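Residue numbers (my numbering): 5 to 316.
Just so it is clear, CB atoms sit at the ideal spot from N, CA and C, and this is done for glycine as well.
These numbers come from a predicted model, not from an experiment.
Worksheet: one structure, shown below.
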Amino acid sequence: MSESLPTRAPAPALRAPLVVALPGDEAAADEIARLLGTARSPMETRRFPDGERYLRLPAEVDGRDAVIVGSPRPPDEGTLTLCFLADLLRDLGAPRVIAAMPYLPYMRQDIRFHPGEAVTSVSYARLLSRAIDGLVTVDPHLHRHRSLDEIYRVPSTVVPAAPAVARWIARHVPRPLIVGPDEESAQWAADVAGRLDAPVLVCTKLRSGDRDVRVSLPDPAAWRDRTPVIVDDILSSGRTLAVAVRALREAGLPGAWCVAVHGVFADDAGPLLAKEGAARVATCNTLPGTAADIDVRPDLALAVRAMLSHTT
Ligand code: R5P
Numbered sequence: 005m006s007e008s009l010p011t012r013a014p015a016p017a018l019r020a021p022l023v024v025a026l027p028g029d030e031a032a033a034d035e036i037a038r039l040l041g042t043a044r045s046p047m048e049t050r051r052f053p054d055g056e057r058y059l060r061l062p063a064e065v066d067g068r069d070a071v072i073v074g075s076p077r078p079p080d081e082g083t084l085t086l087c088f089l090a091d092l093l094r095d096l097g098a099p100r101v102i103a104a105m106p107y108l109p110y111m112r113q114d115i116r117f118h119p120g121e122a123v124t125s126v127s128y129a130r131l132l133s134r135a136i137d138g139l140v141t142v143d144p145h146l147h148r149h150r151s152l153d154e155i156y157r158v159p160s161t162v163v164p165a166a167p168a169v170a171r172w173i174a175r176h177v178p179r180p181l182i183v184g185p186d187e188e189s190a191q192w193a194a195d196v197a198g199r200l201d202a203p204v205l206v207c208t209k210l211r212s213g214d215r216d217v218r219v220s221l222p223d224p225a226a227w228r229d230r231t232p233v234i235v236d237d238i239l240s241s242g243r244t245l246a247v248a249v250r251a252l253r254e255a256g257l258p259g260a261w262c263v264a265v266h267g268v269f270a271d272d273a274g275p276l277l278a279k280e281g282a283a284r285v286a287t288c289n290t291l292p293g294t295a296a297d298i299d300v301r302p303d304l305a306l307a308v309r310a311m312l313s314h315t316t
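Rendered as structure tokens:
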């Protein structure tokens, strides 16, 4: 008697994607590749004498999905490289190109504040939506856009940093008082405080220029026995956190800890925070840097894996 043949072939296992790094993000890509059960594919890149970029991927793409890992830096130059790389991967036969961008730039100009201004969050989303098939990122600056779906035309996943941030604060700071430096930070501050069962205060911010901000603080008298931890999504010029550190000090609280999801560290942000008396500055590792102590890569890798497992 002949053996009956299986009526249905077993579902093919998900093939490991091809993981490549934006220049400068090799360490993050190595880690994401490892968490996805593969290794980063090397890329050859250099500049031509006139400054234009050369790219070469020696790996066999061979119908594998591709994941580009990296936060474009500087944003304009890094984004052009990302677009070239996505185009190259498609050209070599990748059916889908997913961008795992821990820090998504160009989210803060989300409205025309003054006549004639470019709403670059929308323009950037249009540009990127033409280049990639999916986006995974960590806490983008969603304020006037309530979700990435409002502006991106490709599927996107937002990885929340609050669980990792709260775990880190619980390990390092006794009796924290969570402080949001402005109304826009209230969503992150409240989420982190809730996970820690800690009190939360939210300041009011008045910004009169890129580097000119003032904050006013609700009365912290009831919390003088606590350690203030200022939580914000982005540390750019450091002005927002610096004025909040000063306001807390002037209100009689001890030196504040500063925790940001994305540590851009523009200008003299680090020295400025030290000068104002910040006890410690820590950020998630969405951008490289010496303060990037809070690990969100496992959560990012899980989200990439989930996106890859969706067939289109
Ligand atoms: C703004 O709304 C953001 O949430 C941050 O507060 C801001 O980007 C921080 O910028 P800076 O460090 O330049 O004050």
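Close beta carbons around residue i, own chain, < 6 Å, minus the five adjacent residues each side
| i | result |
| --- | --- |
| Ala-43 | Ala-37 |
| Met-105 | Ser-75, Thr-141 |
| Asp-303 | Val-163 |
| Ala-202 | Pro-180, Ile-182 |
| Val-285 | Cys-262, Leu-277, Ala-295 |
| Cys-288 | Ala-165, Val-265, Ile-298, Val-300 |
| Met-111 | Ser-125, Pro-144, His-145 |
| Trp-172 | Ile-298 |
Any non-hydrogen atom of the ligand R5P within 7 Å of residue i CB
| i | result |
| --- | --- |
| Ser-75 | no |
| Arg-171 | no |
| Ser-160 | no |
| His-145 | yes |
| Pro-292 | no |
| Arg-112 | yes |
| Asp-216 | no |
| Ser-212 | no |
| Asp-195 | no |
| Arg-250 | no |
| Thr-124 | no |
| Ser-220 | no |
| Ser-241 | yes |
| Thr-244 | yes |
| Pro-185 | yes |
| Ile-238 | yes |
| Glu-188 | yes |
Residue i, buried or exposed, once every other Cβ within 10 Å from all chains shown has been counted against 16
| i | result |
| --- | --- |
| Leu-210 | exposed |
| Phe-117 | exposed |
| Gly-97 | exposed |
| Asp-237 | buried |
| Ser-317 | It is not possible to answer for residue 317, since the shown part of the chain is limited to 5 through 316. |
| Thr-85 | buried |
| Glu-81 | exposed |
| Glu-35 | buried |
| Gly-242 | buried |
| Ser-212 | exposed |
| Ala-103 | buried |
| Ala-144 | Note on identity: in this sequence residue 144 is Pro, with Ala being the wrong assignment. Its Cβ being crowded by 16 or more others within 10 Å, Pro-144 is buried. |
| Ser-160 | buried |
| Ala-310 | exposed |
| Thr-244 | buried |
| Ala-197 | buried |
| Ala-226 | exposed |
| Ser-186 | Checking the sequence, you will find Asp at residue 186 rather than Ser. So Asp-186 ends up on the buried side. |
| Asp-153 | exposed |
| Asp-29 | buried |
| Ala-168 | buried |
| Ala-270 | exposed |
| Pro-109 | buried |
Other residues of its chain near residue i: CB distance less than 7 Å, five sequence neighbours each side excluded
| i | result |
| --- | --- |
| Thr-83 | Pro-76 |
| Val-158 | Ser-133, Ile-136, Asp-137, Gly-138, Leu-139 |
| Ala-194 | Val-204 |
| Arg-19 | Arg-68 |
| Gly-281 | Val-249, Arg-253, Gly-259 |
| His-147 | Asp-114, Glu-188 |
| Gly-267 | Leu-239, Thr-287, Leu-291, Gly-293, Ala-295, Ala-296 |
| Ser-45 | Leu-22, Val-23, Val-24, Leu-61, Ala-63 |
| Gly-335 | Residue 335 lies beyond the range of the chain shown here (5 to 316); nothing can be said about it. |
Cβ neighbours of residue i in the same chain (closer than 8 Å, five flanking residues each side left out)
| i | result |
| --- | --- |
| Tyr-58 | Glu-48, Thr-49, Arg-50, Arg-51, Phe-52 |
| Arg-94 | Val-101 |
| Tyr-156 | Ala-129, Leu-132, Ser-133, Leu-139 |
Is there contact between the segment 123-132 and the segment 241-252, where contact requires at least three CB pairs shorter than 8 Å? no
Does the segment 112-123 come within contact of the segment 64-80, defined as at least 3 CB pairs closer than 8 Å? no
Mind the definition here: the segment 178-190 touches the segment 229-238 only if three or more C-beta pairs lie below 8 Å; say whether that holds. yes
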